[in-house]
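Quick notes on the structure that follows.
Residue numbers (the working numbering): 241 to 404.
Below is the structure:
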């Protein structure tokens, strides 16, 4: 069920610091702490709230097998860098169109919101064009779970009807 309805918006090119991980999503706050420390140590400027990107489906994959990425948007012009071993890097995320909605409350409700947003995407003539993303609008460590606000989004593209 969508708490606030859904919409479509165009996302600009983003420069992000990122960190790839495998395992339960409860490791996200620690990954964000690591990213913030790394960004600060290099003198980079954060330009937005943290983002979680799910390279495997959190609704279907066992927690210990999940592949995910923590991202921090950075000021445009930040130099790009490849990660060393399992460390952070900086990359550009291309401009894209996304379907989005918001979730308020515990992260346990996000799965239902993702399913509802996926149904909305399909019903409106779109298909997925990339992995699910969550933008964490509150502090992941100090905000009570019941007060968490998360933007849930999927990169999309118009579905092309099949020819018979």
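In this text, a Cβ means the ideal position worked out from N, Cα and C, and glycines have one as well.
Would you tell me roughly how many angstroms separate the C-alpha atoms of residue i and residue j, rounded to the nearest one?
i, j, result
"residue 432", "residue 293", "In the structure as shown, the chain starts at 241 and stops at 404, and residue 432 therefore has no counterpart that could be examined."
"residue 264", "residue 401", "37 Å"
"residue 329", "residue 322", "5 Å"
"residue 277", "residue 403", "52 Å"
"residue 297", "residue 370", "11 Å"
"residue 396", "residue 339", "7 Å"
"residue 331", "residue 253", "10 Å"
"residue 382", "residue 269", "10 Å"
"residue 373", "residue 291", "7 Å"
Provide the residue span of the alpha helix (DSSP H) that contains residue i, from first to last.
i, result
"residue 280", "268-281"
"residue 356", "350-363"
Spatial neighbours of residue i within its chain, please: C-beta separation below 7 Å, excluding the five flanking residues on both sides.
i, result
"residue 285", "314 and 315"
"residue 345", "386 and 388"
"residue 251", "335, 336 and 338"
"residue 326", "none"
Enumerate in chain order the residues of its own chain whose CB-to-CB distance from residue i is below 6 Å, with the five nearest sequence positions on each side excluded.
i, result
"residue 360", "246"
"residue 225", "Examination of residue 225 is not possible in this model, given that the chain is present from 241 through 404 alone."
"residue 378", "388 and 389"
Along the chain, where does the beta strand (DSSP E) containing residue i start, and where does it finish?
i, result
"residue 262", "254-262"
"residue 409", "Outside the displayed range of the chain (241 to 404) lies residue 409, so it cannot be described from this structure."
"residue 322", "Taken as a continuous stretch (DSSP letters only), residue 322 belongs to no beta strand (DSSP E), as it is neither H nor E."
"residue 400", "Counting along the chain, residue 400 falls outside any beta strand (DSSP E), and DSSP gives it neither H nor E."
"residue 386", "Run containing residue 386: none; DSSP gives neither H nor E here."
"residue 374", "372-376"
"residue 333", "329-333"
"residue 304", "No beta strand (DSSP E) contains residue 304, which DSSP labels as neither H nor E."
Shorter than 8 Å from the beta carbon of residue i to some beta carbon of chain D?
i, result
"residue 286", "Judged by its chain identifiers, the structure shown contains no chain D, having just a single protein chain."
Do residue j and residue i count as a contact pair if the criterion is CB distance below 8 Å?
i, j, result
"residue 366", "residue 399", "yes"
"residue 244", "residue 394", "no"
"residue 299", "residue 275", "no"
Would you say the stretch 354-371 touches the stretch 253-261, given that touching needs at least three Cβ pairs under 8 Å? no
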